[in-house]
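Just so you know, the sequence shown maps onto residues 473 to 533 in this note's numbering. One structure is given below, encoded as structure tokens.
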Amino acid sequence: MSELSDEASEPELLNRSLSMWHGLGAQVSREELAVPLDLHTAASIGQYEVVKECVQRKVLS
């Protein structure tokens, strides 16, 4: 991975996965992590197909 800096390109950053640190020894189940995203967050992190399907089904949050 290249060094992240002010000079990093947007596409380079958008191709990186997101992660969350839960602390040392934290036991987090898959069910706790399976929280549905609101449409704004989904669109912000590139989940365009999810947003498109929700809009087409008229399921808006």
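Every residue gets a Cβ at the ideal spot worked out from N, C-alpha and C, and that includes glycine.
Check                                                                                                                         : Outcome
I'd like the span of the alpha helix (DSSP H) that includes residue 491, first residue to last.                               : No alpha helix (DSSP H) holds residue 491; DSSP gives it neither H nor E.
Looking at residue 527 and residue 514, is the spacing between their C-beta atoms short of 8 Å?                               : no
I want to check one thing, is the minimum distance from the CB of residue 496 to the heavy atoms of the ligand NAD below 7 Å? : The ligand NAD is absent from the structure shown, which contains no ligand whatsoever.
For the alpha helix (DSSP H) holding residue 530, just list the boundary residues, first then last.                           : That residue, residue 530, is in no alpha helix (DSSP H); it is neither H nor E in DSSP.
CA-CA distance, residue 500 and residue 510?                                                                                  : 21 Å
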